[in-house]
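Before any comments, here is the structure.
Residue numbers (this note's numbering): 75 to 302.
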C-alpha cells in the first residue's frame, strides 16, 4: 500500500520485462487534504526508458508539491521533459489530484491508457478517455490546447483502476490482446473487494490469459478505492 488515509487506499503492482523498466507510478501528499497521483509509461524499453522515467520522477516531485492544477502540471511537465528527451521519445501519463475535503478527483491525461472508474452507487464501470498528447510529442506553446481536464465527485466504494499498455496489449498464444474490456470486467466483477484483492484477481486473470509468466513489456497497475 503506497498511501492510506481515511478516505482512500491504494495498491500498486509493477514488474519489468527487462532488468529495469520504463513504467512509473507515484503518489505525493501535497497537504493534509490534497494528494497527487501519477502513472506513466515511456516509449521504448531498457536502460534509456528507465533513465527517462527517473527524470519524470524528478519532474513529478518538483511540480506536484507546488499544488498546481492537473492542466498546469502537464503543461509544465511537457516543457521539462521536452528539454531532455530524444526527438523520437515521449512519455504518456495520467495525473490525478484527490481532494478529500471536496470529495473530488481532478485528472488530466497525456496520451496514457484510458482510466477505468467504478461508480459504486450506480454499480457501473466506465472508461474516461480524456484527450491529450504524450509528453514530448508537441514541443511548442500549443501543448495546452490538447489537454482535457475531468472533475468527478467520489463516493464510498468508488474505484479508480490505472494500468500501462503492457497489460492491455499482452497477447495470448493466438495473438489476441488482453485488451481494455477485460481489465474493466475484472474491476466490475470484483468491485466489492479490497484494492489488493482486485489487483491480485486482475494479475492472475492476465497470466491465465497469456498462458505464460514471460512478458515482453512492463506490467503496472494501480488500484485506488475510496473508503466507506
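Each residue gets a CB set at the ideal place from its N, CA and C atoms; glycine is no exception. Here the structure is a predicted model, which is why all the values come from computation and not from measurement.
How should residue i be labelled, buried or exposed, when 16 other C-beta atoms within 10 angstroms of its C-beta is the threshold for buried?
{"i": "residue 246", "result": "exposed"}
{"i": "residue 255", "result": "exposed"}
{"i": "residue 152", "result": "buried"}
{"i": "residue 208", "result": "buried"}
{"i": "residue 133", "result": "buried"}
{"i": "residue 196", "result": "exposed"}
{"i": "residue 143", "result": "exposed"}
{"i": "residue 232", "result": "buried"}
{"i": "residue 171", "result": "buried"}
{"i": "residue 276", "result": "buried"}
{"i": "residue 140", "result": "exposed"}
{"i": "residue 263", "result": "exposed"}
With a threshold of 6 Å on Cβ separation, who are the neighbours of residue i within its own chain once the five nearest residues in sequence on each side are excluded?
{"i": "residue 226", "result": "179"}
{"i": "residue 297", "result": "85, 235, 269, 272, 273"}
{"i": "residue 98", "result": "114, 127, 130"}
{"i": "residue 239", "result": "187"}
{"i": "residue 211", "result": "164"}
{"i": "residue 284", "result": "244, 246"}
{"i": "residue 158", "result": "129"}
Pick helix, strand or coil for residue i, following the three-state DSSP scheme.
{"i": "residue 258", "result": "helix"}
{"i": "residue 228", "result": "coil"}
{"i": "residue 277", "result": "helix"}
{"i": "residue 203", "result": "coil"}
{"i": "residue 81", "result": "coil"}
{"i": "residue 247", "result": "coil"}
{"i": "residue 239", "result": "helix"}
{"i": "residue 264", "result": "coil"}
{"i": "residue 216", "result": "coil"}
{"i": "residue 193", "result": "strand"}
{"i": "residue 272", "result": "helix"}
{"i": "residue 185", "result": "strand"}
{"i": "residue 233", "result": "strand"}
Assuming residue i contacts residue j under a Cβ cut-off of 8 Å, what Cβ separation, rounded to an integer in Å, is found between them?
{"i": "residue 108", "j": "residue 135", "result": "With a Cβ gap of about 15 Å, residue 108 and residue 135 do not count as contacting."}
{"i": "residue 221", "j": "residue 182", "result": "5 Å"}
{"i": "residue 112", "j": "residue 100", "result": "5 Å"}
{"i": "residue 382", "j": "residue 300", "result": "This structure gives no information on residue 382, because the portion of the chain shown stretches from 75 to 302."}
{"i": "residue 190", "j": "residue 203", "result": "Their Cβ separation, rounded to whole angstroms, is 11 Å, which puts residue 190 and residue 203 out of contact at 8 Å."}
{"i": "residue 293", "j": "residue 89", "result": "5 Å"}
{"i": "residue 104", "j": "residue 154", "result": "Residue 104 to residue 154, Cβ: 18 Å. No contact."}
{"i": "residue 249", "j": "residue 242", "result": "Between residue 242 and residue 249 the Cβ distance is about 15 Å, and since that is not below 8 Å, they are no contact."}
{"i": "residue 260", "j": "residue 279", "result": "6 Å"}
{"i": "residue 206", "j": "residue 185", "result": "6 Å"}
{"i": "residue 213", "j": "residue 156", "result": "4 Å"}
Skipping 5 residues on each side, what residues in its chain have a beta carbon closer than 8 Å to that of residue i?
{"i": "residue 149", "result": "217, 218, 221"}
{"i": "residue 193", "result": "199, 200, 229, 232"}
With a threshold of 7 Å on Cβ separation, who are the neighbours of residue i within its own chain once the five nearest residues in sequence on each side are excluded?
{"i": "residue 75", "result": "At residue 75 the pLDDT is 42, less than 50, meaning the model places this residue with poor confidence; the figure from the coordinates comes in the next sentence. Same-chain partners within the cutoff: 83, 84, 85."}
{"i": "residue 81", "result": "174, 300, 301"}
{"i": "residue 118", "result": "96, 163"}
{"i": "residue 237", "result": "187, 257, 294, 295"}
Does the beta carbon of residue i come closer than 8 Å to any beta carbon on chain D?
{"i": "residue 184", "result": "Reference to chain D is not applicable here, since this structure consists of a single protein chain."}
Checklist entry - Taking the runs of the beta strand (DSSP E) that are 3 residues or longer, which of them lie wholly in the region 92-179? => result 97-105, 108-116, 165-173
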